[in-house]
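Remarks on the structure that follows.
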Amino acid sequence: MKYLCDCGEFHGYGQTCQRLTRRAERLSTIIEHLLKGRVVRAYKLASAMQVAERTIVRDINILRRSGMRIDGEPGVGYMFRGQQ
Ligand SMILES: [Zn+2]
Numbered sequence: 008m009k010y011l012c013d014c015g016e017f018h019g020y021g022q023t024c025q026r027l028t029r030r031a032e033r034l035s036t037i038i039e040h041l042l043k044g045r046v047v048r049a050y051k052l053a054s055a056m057q058v059a060e061r062t063i064v065r066d067i068n069i070l071r072r073s074g075m076r077i078d079g080e081p082g083v084g085y086m087f088r089g090q091q
């Protein structure tokens, strides 16, 4: 028996999704940087976390949809502007 995970793939029941686990870890690292008032640059985080830059860009958009006001864009950097 398998179920359709939020990551878009099928997993066996009782199996932890490695993809969602890694995403959650990335999101908390990004939040940590943003809350320190730092400019977060996607390429830097991407190389530190060994993922593609577009993965970080996607993560930022997830945070935005969850209500964090984040200014900036890829190539420039991101800044936290508060909670919506
Ligand atoms: Zn999954």
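Letter by letter, the sequence shown follows residues 8 to 91 of the numbering used here.
Using N, Cα and C, we set each Cβ at its ideal position, and we do this for glycine too.
Next on the checklist: Short of 6 Å in beta carbon distance, which residues of its chain neighbour H40, apart from the five on each side in sequence? Order them along the chain.
Outcome noted: V47
Checklist entry - How would you label Y20, buried or exposed, when you count the other beta carbons within 10 angstroms and need 16 or more for buried? => result exposed
Checklist entry - Measuring from the CB of E16, is there a heavy atom of ligand 1 at a distance below 7 Å? => result yes
Next on the checklist: Between G15, F17 and R30, which has its C-alpha nearest I69's C-alpha?
Outcome noted: R30
Next on the checklist: Can you tell me where the beta strand (DSSP E) holding K9 begins and where it ends?
Outcome noted: K9 to L11
Next on the checklist: So, at 6 Å on beta carbons, what are the nonlocal neighbours of E32 in its own chain, with the 5 sequence-adjacent residues on each side left out?
Outcome noted: Excluding positions up to five away in sequence, the list is empty.
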